[in-house]
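One structure is given here, and the rest of the page talks about it.
Protein chains in written order, with the UniProt record's numbering: chain S, 1 to 273; chain V, 1 to 273.
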């Protein structure tokens with residue numbers, strides 16, 4: 001398998017790319033990972049201008065020599081190239097798997113909405129750090145290369161309904177736009193990082209009241225990490241918030257999910273596995 | 001005129017209420033302002049539970065003895081009572097003006113969507129601080145009581161198209177829900193506070209790509225204040241962001257508006273003035 005890496009949002013370091021390439025050479029020597037030079041570019045907030053990021057994504061997605069696109073990093077920005085790249089995806093883009101999470105939810109959601117390729121929520125190609133066991137990177141590579149299900153979010157092994165996973169802020173930013181996929185009958189998994197409780201509550205309000213998402217089968221909550229402190233305690237726990245908003249939405253709260261901005265960020269293929 | 005004050009989001013202090021009552025007694029002695037005791041309650045993040053805040057709003061909105069509801073304060077929470085209060089508004093609620101801004105955009109938007117009463121963006125009833133000239137409070141009272149147009153957002157005096165004004169985060173949180181009013185042919189004014197540029201850009205993306213807002217006449221940008229620093233410079237100015245997203249949306253960027261989380265927060269009646 002040949003895996004292409006692009007960065008539709010923020011830049012990554014050469015060292016993080018070398019670390020992942022070396023890890024893959026050790027664990028999957030018969031397979032290849034190629035970081036597009038665009039990954040290392042830098043312009044303001046982004047890994048190159050919108051045009052540069054769009055062009056790099058189209059180059060790799062439309063290249064039949066790649067079997068998968070593994071997104072390098074999130075951090076904001078992939079939404080800015082959706083209207084440019086989505087209409088230009090060629091047939092070769094349909095025979096690929098796309099994997100990443102966080103800001104890459106914009107890409108995965110837009111691709112899933114158009115049924116272009118196969119999408120999965122999972123750890124990023126630049127995520128391997130120091131003191132890293134490589135477990136989540138191994139989950140992605142094992143699933144991509146061998147179809148290994150050990151890295152899948154555990155509930156997927158028993159609950160056979162279609163699923164999708166998103167960062168909550170990214171999901172809610174797609175609501176009301178043509179980029180949000182139809183998630184009718186899906187188990188929706190959400191995770192969040194660096195958001196105060198009142199902001200999480202506001203996003204859950206939008207999710208619960210969204211006319212587009214009324215048909216989902218239920219919601220699972222992933223890890224919610226690095227919550228900034230606020231001037232007052234919010235007064236509700238995350239479980240209470242989930243229970244209340246799911247009741248208001250009229251869908252079951254299905255409990256926790258093993259995803260998030262954490263090392264144990266499991267793979268969630270979109271749709272049925 | 002008899003003005004009722006309720007707090008559908010966060011609590012206010014007795015001293016802020018006394019200050020506004022005293023100011024009004026000095027400047028508009030023939031008129032009355034009544035702070036509902038709910039304004040001073042405190043439960044977690046909010047000025048009382050959802051039920052308590054909903055009940056106080058319904059009590060004053062449905063009371064024919066009040067001519068206007070002046071919201072006390074924003075800060076998050078009015079979205080949580082929309083589904084409870086909107087279906088329970090009685091005929092007396094239709095003969096009122098509702099004024100506030102920021103989180104109160106949820107209330108104003110939902111009321112405007114249902115054409116219940118008259119809505120206006122404007123300074124809040126607890127906004128008067130120390131060293132305060134009372135200018136923005138005077139703008140609200142002058143417009144409410146005498147129809148004085150000196151406190152209106154200046155462009156409204158020459159641009160006779162319908163208008164509406166929202167905090168950007170509140171507006172985007174209503175997108176895709178039944179609470180967002182139809183703003184076709186409206187000049188939309190937006191303002192923001194305490195949001196990093198990448199978050200503002202993400203919200204502008206949602207606004208620009210929203211299918212519900214495609215018909216707006218144009219956008220004006222109010223004050224954007226207290227922007228937290230980020231780890232990198234975003235690389236675009238606010239004017240560049242507005243120009244780019246308005247172009248992508250296909251609507252004119254009409255320039256700045258005199259609204260925001262600032263003292264010079266002008267009145268913007270929803271619809272035509």
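For every residue, glycine included, the Cβ atom is placed at its ideal position computed from N, Cα and C.
Asked: Quick one: is residue 45/V near chain S, going by C-beta distance under 8 angstroms?; Found: yes
Asked: In or out: residue 257/V buried (at least 16 other Cβ within 10 Å) or exposed?; Found: buried
Asked: With 16 as the cutoff for other CB atoms within 10 Å, does residue 136/V come out buried or exposed?; Found: buried
Asked: So, are the CB atoms of residue 72/S and residue 12/S less than 8 angstroms apart?; Found: yes
Asked: Name the chain S residues that come within less than 8 angstroms of residue 206/V, Cβ to Cβ?; Found: 173, 174, 175, 176, 177
Asked: Any Cβ of chain S within less than 8 angstroms of the Cβ of residue 79/V?; Found: yes
Asked: Within 10 angstroms of its Cβ, does residue 210/V collect 16 or more other Cβ (buried), or is it exposed?; Found: buried
Asked: Count the other CB atoms, across all protein chains shown, that sit within 10 Å of the CB of residue 146/S; report buried if there are 16 or more and exposed otherwise.; Found: exposed
Asked: Mapping the DSSP letters down to three states, classify residue 163/V as helix, strand or coil.; Found: strand
Asked: Tell me, to the nearest whole angstrom, how far the beta carbon of residue 99/V is from that of residue 68/V; I am working on the premise that it is less than 8 angstroms.; Found: 7 angstroms
Asked: Hey, quick one: how far does the beta strand (DSSP E) through residue 70/S stretch, first residue to last?; Found: 68-71
Asked: Quick one: list the residues of chain S neighbouring residue 211/V, beta-carbon separation under 8 angstroms, in chain order.; Found: 176, 177, 178
Asked: Residues of chain V with CB closer than 7 angstroms to the CB of residue 202/S, please, in chain order.; Found: 76, 79, 173
Asked: Evaluate residue 6/S with the Cβ neighbour count: other Cβ atoms within 10 Å of its Cβ, from every protein chain shown; 16 or more gives buried, anything less gives exposed.; Found: buried
Asked: What residues in the segment 219-250 of chain S bring their beta carbon closer than 8 angstroms to a beta carbon of chain V?; Found: 230, 232, 233, 234, 235, 236, 248
Asked: Helix, strand or coil for residue 180/S? Go by DSSP, reduced to three states.; Found: coil
Asked: Checking contacts by CB at 8 angstroms: is residue 253/V closer than that to chain S?; Found: no
Asked: Quick one: Cα of residue 265/S to Cα of residue 224/V, how far?; Found: 36 angstroms
Asked: Quick one: which chain V residues come within Cβ less than 9 angstroms of residue 83/S?; Found: 209, 248
Asked: I'd like to know whether the C-beta of residue 112/S is nearer than 8 angstroms to at least one C-beta of chain V.; Found: no
Asked: From what residue to what residue does the beta strand (DSSP E) around residue 101/V run?; Found: From DSSP, residue 101/V is part of no beta strand (DSSP E); its letter is neither H nor E.
Asked: Nearest chain S C-beta to residue 101/V closer than 8 angstroms, yes or no?; Found: no
Asked: Can a CB atom of chain S be found closer than 8 angstroms to the CB of residue 98/V?; Found: no
Asked: Using beta carbons (cut-off 8 angstroms, strictly below), is residue 28/S in contact with chain V?; Found: no
Asked: Could you check whether the segment 76-90 of chain S touches the segment 20-28 of chain S, counting it as contact only if at least three pairs of C-beta atoms, one from each stretch, sit closer than 8 angstroms?; Found: no
Asked: Using DSSP with H/G/I as helix, E/B as strand and the rest coil, what is residue 91/V?; Found: helix
Asked: Helix, strand or coil, according to DSSP, for residue 234/V in the structure here?; Found: coil
Asked: Relative to the alpha-carbon of residue 132/S, which residue among 160/S, 267/S, 262/S, 33/S has its alpha-carbon at the smallest distance?; Found: 262/S
Asked: Mind checking whether residue 54/S and residue 39/S have CB atoms under 8 angstroms apart?; Found: no
Asked: Measuring CB to CB, does residue 189/S end up less than 8 angstroms from residue 180/S?; Found: no
Asked: Quick one: any contact between the segment 197-215 of chain S and the segment 148-157 of chain S, if contact means 3 or more CB pairs under 8 angstroms?; Found: no
Asked: Would you kindly work out how many angstroms separate the C-alpha atoms of residue 241/V and residue 92/V, rounded to a whole number?; Found: 43 angstroms
Asked: Could you have a look at residue 3/V and say whether DSSP puts it in helix, strand or coil?; Found: strand
Asked: Between the Cα of residue 232/S and those of 103/V, 20/V, 44/V, 122/V, spot the shortest distance and give me the residue it belongs to.; Found: 44/V
Asked: Assign residue 235/S to buried or exposed, taking buried as 16 or more other Cβ atoms, counted over all protein chains shown, within 10 Å of its Cβ.; Found: exposed
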